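S.K.: Sequential numbering of the sequence shown, starting at 330, is according to this note's numbering.
For every residue, glycine included, the Cβ atom is placed at its ideal position computed from N, Cα and C.
Since this is a predicted model, take the numbers as computed values, not measurements.
Take a look at this one; I'll ask things after.
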Amino acid sequence: MGTNDQKRSLPHGLRLVALAGAAALTLTAGLATPLDPAPQQARAADDGKKVLTVAVAQSVDSLSPFLAVRLLSTSIHRLMYEYLTNYDPKDNHAIPGLATKWESSPDKLTWTYTIRANSTWSDGEQATAEDAAWTFNKMMTDTGAATANGSYVGNFRKVTAPSPTELVIELKKPQATMAALDVPIVPKHVWEKVSDFSEFNNDKSFPVVGNGPFVLSGYKADSYVRLKANKDFWRGSPKFDELVFRYYKDQDAAVSALRKGEVSFVAGSPSLTPAQAESLKGADDIQVNDAPGRRFYALATNPGAKAKNGKKFGDGHPSLLDQRVRNALFRAVDREAIIDKVFRGHAVEGEGYIPPRFQDYFWKPSADRKLAYDPAEAARLLDQAGYKKNGDGKRVGKDGKPITYRVLCHATDPNDKAVGKYLQEWWGELGIGVRLNCLDNVTDPWLAGKYDLAFDGWSVNPDPDFVLSIHTCGALPATPEETGATDNFICDKKYDELYARQLTEYDPAKRADIVKQMESRLYDLGYMNVMAYPNAVEAFRTDQIKSITTMPAKAGNIYGQDGYWSWWSAVPADSGGSSDNASSTGVVVGIVAGLVVLGGLGAFAAMRRRATAEERE
């Protein structure tokens, strides 16, 4: 369902686009809400505070970093909590976070991290190695705490904190991701009071104790999430006093609010549509940012939902268990048409699982293996698989009934609906029916395995381990009643063997080669058909924000970064000086006033939520 960061899924994940969720930045002060019924121009708050508001078209699945997988949620957690390491906004290489340095033993089985002494929790307590050790140990021993990020600790043997500034992680076997553990470190003295991690959503008591650049200070279900600047953040305080995410179900309304100056930034669902982007080009005080994205847009096939205990569930169409059928369906998808007519050039044709933005891991099939658009070949494969047309020109299943596939679609993503109409046309010519099931919440049918195909996508991190892990057998739920870390119930022994190999390979070139073999395997299996790599198309007001950091520095995105750089570095237009927090890119974004509003916050689930097109980091 994926996105992102995850998760990401979400991500997008996540996490996917990972499932397409969407995000747009808006000025809460400029919106009519239950808290502020009178719309007004975006401006500094009456008390002089400067507020940056982000309008989002994606709901938060959980405010607990142990449960959240969607890009919006994980992005908020990056603002609230430090990770051991971070990614340099210029080129994505690993840099210090909560840890100032890290080193391994010669056999790569013991890693020692030096924890910085100048990071404090927002309640005044010192952040220490004990907090990190407790976080990892809780994930290792509590299945609820392992819901979102359990794959990172599956190979951990022991985690200890010999001193407040020393963290030691012992591994069962070498693990190449030890400088890319994308896990929020939480304060032990707060979280050790939680009794059930699968139920606790971290949304009842505010402010929430954290040590990131912002502190979560409040939220109202289906309305907003508000964060205030952490004046004691070790890297330096943000320039904006408050950050608010506000929900827009209607993307056109968000774009209209941007035009009126009621919001500062719009990222879309998950991106602005080509028509929206074109309409904003040349508008006064508005700039459109169109950069290569970090996510993929895919069509996922139900492989037959099952749990680790071997029990099958769901009601996916049995014909999709045949690889020839899956490949035939993808042969009948004109990806060039999707790029030209749906994305209108604001995307790159999809092939492998990892976007071309990450060149080291980017894979594409050779010409003789490519599942190129070929309706005649698609028809031949279906005939070969035994799904032939009846007298009415309809393909029939083994039960003699015409085949109609149910395709899960995100109601908030216009791309899903547009591509869905093409699928109805293309697959209709093959004699296969398509019924789009566009929902505000695709999570429930996805987790239950009650779908045939679904729009999927994840935001990919600089280290792709997480989005690779969600297709392993180990990511399946323990039982049908539980929730696993799986994206699409894929379980393939050959893929698992490759995943285990890449995890232990420290040579970058060799590891990249194994990752590409994994992408090749996913491509051939046909359960996950990548159609496009969408650009990050965003728009912002240049009269409201003076500068903000993009990631990567050249041709990068603002929303949904692998870090907190954009919102931490943002400089208000009326600040007078330049940012001293980080290098600015010259990108100007508007001052936002109000609250971060998250749609669907009231629908928090105790289970791991599916990533949508942008759900995971």
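Grouping DSSP H, G and I as helix and E and B as strand, with all else coil, what is His675?
M.R.: Sequence index remark: in the sequence shown, residue 675 carries index 346 (1-based). Three-state DSSP puts His675 in coil, outside helix and strand.
S.K.: Let's test the definition: count the other Cβ atoms within 10 Å of the Cβ of Ile424 and tell me whether it reaches 16, buried, or not, exposed.
M.R.: Position 95 of the sequence shown holds residue 424. Ile424 is exposed by the Cβ-count criterion.
S.K.: If you measure between the beta carbons of Ser566 and Ala558, is that distance less than 7 Å?
M.R.: Within the sequence shown, the letter at position 237 stands for residue 566. Within the sequence shown, the letter at position 229 stands for residue 558. Yes, the pair counts as a contact, with Cβ atoms nearer than the cut-off.
S.K.: What's the C-alpha gap between Glu495 and Arg564?
M.R.: On the sequence shown, position 166 is the one that residue 495 refers to. On the sequence shown, position 235 is the one that residue 564 refers to. So the alpha carbons of these two residues sit roughly 20 Å apart.
S.K.: On the three-state DSSP scale, how would you describe Arg486?
M.R.: Working through the sequence shown from its first residue, we reach residue 486 at position 157. It is a strand residue.
S.K.: Three or more C-beta pairs under 8 Å: does that hold for the segment 827–838 against the segment 603–611?
M.R.: These segments do not touch.
S.K.: Apart from the five residues on each side of it in sequence, which residues of its chain come closer than 6 Å, Cβ to Cβ, to Val482?
M.R.: Stepping through the sequence shown from its first residue, residue 482 is reached at position 153. Around Val482: Phe465, Met468 and Met469.
S.K.: Measure the Cβ-Cβ separation of Thr871 and Trp894 and say whether it is below 7 Å.
M.R.: Locating residue 871 in the sequence shown gives position 542, where the first residue counts as 1. Locating residue 894 in the sequence shown gives position 565, where the first residue counts as 1. No, these two residues do not count as a Cβ contact at 7 Å.
S.K.: Looking at the structure shown, is Asp420 part of a helix, part of a strand, or coil, going by DSSP?
M.R.: As a working mapping, residue 420 is identified with position 91 in the sequence shown. Three-state DSSP puts Asp420 in coil, outside helix and strand.
S.K.: Based on Cα-Cα distance, which residue from Arg830, Tyr852 and Glu848 lies nearest to Asn484?
M.R.: Numbered from its first residue, the sequence shown carries residue 484 at position 155. Closest option to Asn484, Cα to Cα, is Arg830.
S.K.: Which residue spans inside the segment 587–655 form an unbroken beta strand (DSSP E) run of at least 3?
M.R.: Fully enclosed beta strand (DSSP E) runs of 3 or longer: 615–620 and 626–630.
S.K.: Since Arg575 contacts Val866 with CB under 8 Å, what's their CB separation in whole angstroms?
M.R.: Here residue 575 corresponds to residue number 246 of the sequence shown, with the count starting at 1. Here residue 866 corresponds to residue number 537 of the sequence shown, with the count starting at 1. Going by Cβ atoms, the distance from Arg575 to Val866 rounds to 20 Å, so no, they are not a contact pair.
S.K.: List the whole-angstrom C-beta distance separating Val389 from Leu401, where the pair is believed to meet the contact cut-off of C-beta under 8 Å.
M.R.: As a working note, residue 389 is residue 60 in the sequence shown. As a working note, residue 401 is residue 72 in the sequence shown. Rounded, the Cβ-Cβ distance is 6 Å, consistent with contact.
S.K.: Identify the continuous alpha helix (DSSP H) that holds Arg445 and give its terminal residues.
M.R.: In the sequence shown, residue 445 corresponds to position 116, counting from 1. Element bounds for Arg445: n/a, residue is neither H nor E.
S.K.: Using the DSSP secondary-structure output, state which residues sit across from Arg870 in a beta bridge.
M.R.: Counting from one through the sequence shown, the residue named residue 870 turns up at place 541. For Arg870, which the question treats as bridged, DSSP gives the partners Ile615.
S.K.: May I have the straight-line CA-CA distance separating Ala596 from Gly674, to the nearest angstrom?
M.R.: Residue 596 sits at position 267 when you count from the first residue of the sequence shown. Residue 674 sits at position 345 when you count from the first residue of the sequence shown. The straight-line gap from Cα to Cα measures roughly 17 Å.
S.K.: Considering only residues of the segment 728–796, which uninterrupted alpha helix (DSSP H) runs meet the minimum length of 4 residues and lie entirely inside it, listed in chain order?
M.R.: Runs found: 743–759 and 772–776.
S.K.: Taking 6 Å as the limit between beta carbons, can you name the residues of its chain near Arg686, skipping five residues before and five after?
M.R.: Indexing the sequence shown from 1 puts residue 686 at position 357. Excluding positions up to five away in sequence, the list reads Pro621 and Arg623.
S.K.: According to DSSP, what are the bridge partners of Met860?
M.R.: Looking up residue 860 in the sequence shown gives position 531. Per DSSP, none; premise fails for Met860.
S.K.: Between Tyr888, Ala814 and Leu413, which lies nearest to Leu396 when the distance is taken from Cα to Cα?
M.R.: Taking the first residue of the sequence shown as 1, we reach residue 396 at position 67. For the residues Tyr888, Ala814 and Leu413, the minimum Cα distance to Leu396 belongs to Ala814.
S.K.: Is the CB-CB distance between Pro704 and Ala661 below 7 Å?
M.R.: The residue labelled residue 704 in the question sits at position 375 within the sequence shown. The residue labelled residue 661 in the question sits at position 332 within the sequence shown. In this structure, Ala661 lies closer than 7 Å to Pro704 by Cβ.
S.K.: So what does DSSP say about Ala660, is it helix, strand or coil?
M.R.: Position 331 of the sequence shown, counted from the first residue, corresponds to residue 660. Per the sequence shown, the amino acid found at residue 660 is Arg instead of Ala. Helix.
S.K.: Tell me whether Met507 sits in a helix, a strand or coil according to DSSP, three-state version.
M.R.: As a first step, residue 507 is located in the sequence shown; it is residue number 178 there, counting from the start. Coil, per DSSP.
S.K.: Sort Glu678, Trp520, Lys379 and Leu797 by Cα distance to Trp787 and report the nearest one.
M.R.: Counting from one through the sequence shown, the residue named residue 787 turns up at place 458. Minimum Cα distance to Trp787 is reached at Leu797.
S.K.: Per DSSP, what are the beta-bridge partners of Ser433 in this structure?
M.R.: Position 104 of the sequence shown, counted from the first residue, corresponds to residue 433. In DSSP, Ser433 forms a bridge with Trp440.
S.K.: Using the C-alpha atoms, what's the distance from Asn415 back to Tyr690?
M.R.: By one-based count along the sequence shown, residue 690 stands at place 361. By one-based count along the sequence shown, residue 415 stands at place 86. So the two alpha carbons sit approximately 20 Å from each other.
S.K.: Throw me the rounded Cβ distance for the Leu851 and His800 pair, which I believe falls under 8 Å.
M.R.: As a position in the sequence shown, residue 851 is number 522, starting the count at 1. As a position in the sequence shown, residue 800 is number 471, starting the count at 1. Going by Cβ atoms, the distance from Leu851 to His800 rounds to 7 Å, so yes, they are a contact pair.
S.K.: From His406, Gly726 and Glu665, pick the residue whose C-alpha is nearest to that of Leu700; which is it?
M.R.: Here residue 700 corresponds to residue number 371 of the sequence shown, with the count starting at 1. It is Glu665 whose Cα lies nearest to the Cα of Leu700.
S.K.: Give the DSSP bridge partners of Gly547, in chain order.
M.R.: The count along the sequence shown starts at 1 and reaches residue 547 at position 218. Its beta-bridge partners are Arg555.
S.K.: Considering Ile498, what are the terminal residues of the alpha helix (DSSP H) in which it resides?
M.R.: Locating residue 498 in the sequence shown gives position 169, counting from the first residue. Unbroken run through Ile498 is the beta strand (DSSP E), Glu495 to Leu500; no alpha helix (DSSP H).
S.K.: Taking Pro743 as the reference, which of Ile498, Gln616, Trp896 and Val671 has the closest Cα?
M.R.: By one-based count along the sequence shown, residue 743 stands at place 414. The shortest Cα separation from Pro743 among Ile498, Gln616, Trp896 and Val671 belongs to Val671.
S.K.: Please say whether Met857 and Ala634 have beta carbons closer to each other than 7 Å?
M.R.: Within the sequence shown, the letter at position 305 stands for residue 634. Within the sequence shown, the letter at position 528 stands for residue 857. No, these two residues do not count as a Cβ contact at 7 Å.
S.K.: So, for Glu499: in the same chain, excluding its five sequence neighbours on each side, which residues have a beta-carbon less than 6 Å away from its beta-carbon?
M.R.: Position 170 of the sequence shown, counting from 1, holds the residue named residue 499. For Glu499, where only same-chain residues beyond five positions count, the Cβ hits under 6 Å are Thr439, Arg486 and Lys487.
S.K.: When the distance is taken between beta carbons, is Val592 closer than 7 Å to Tyr862?
M.R.: Numbered from its first residue, the sequence shown carries residue 862 at position 533. Numbered from its first residue, the sequence shown carries residue 592 at position 263. Going by C-beta atoms, Tyr862 is not nearer than 7 Å to Val592.
S.K.: Who are Pro425's beta bridge partners in DSSP?
M.R.: Taking the sequence shown and counting its residues from 1, one reaches residue 425 at position 96. In the DSSP output, where bridge partners are listed per residue, Pro425 has Thr414.
S.K.: Threshold first: 3 residues or longer. Then list the beta strand (DSSP E) segments lying entirely within the segment 676–722, N to C.
M.R.: 676–678, all fully within the segment 676–722.
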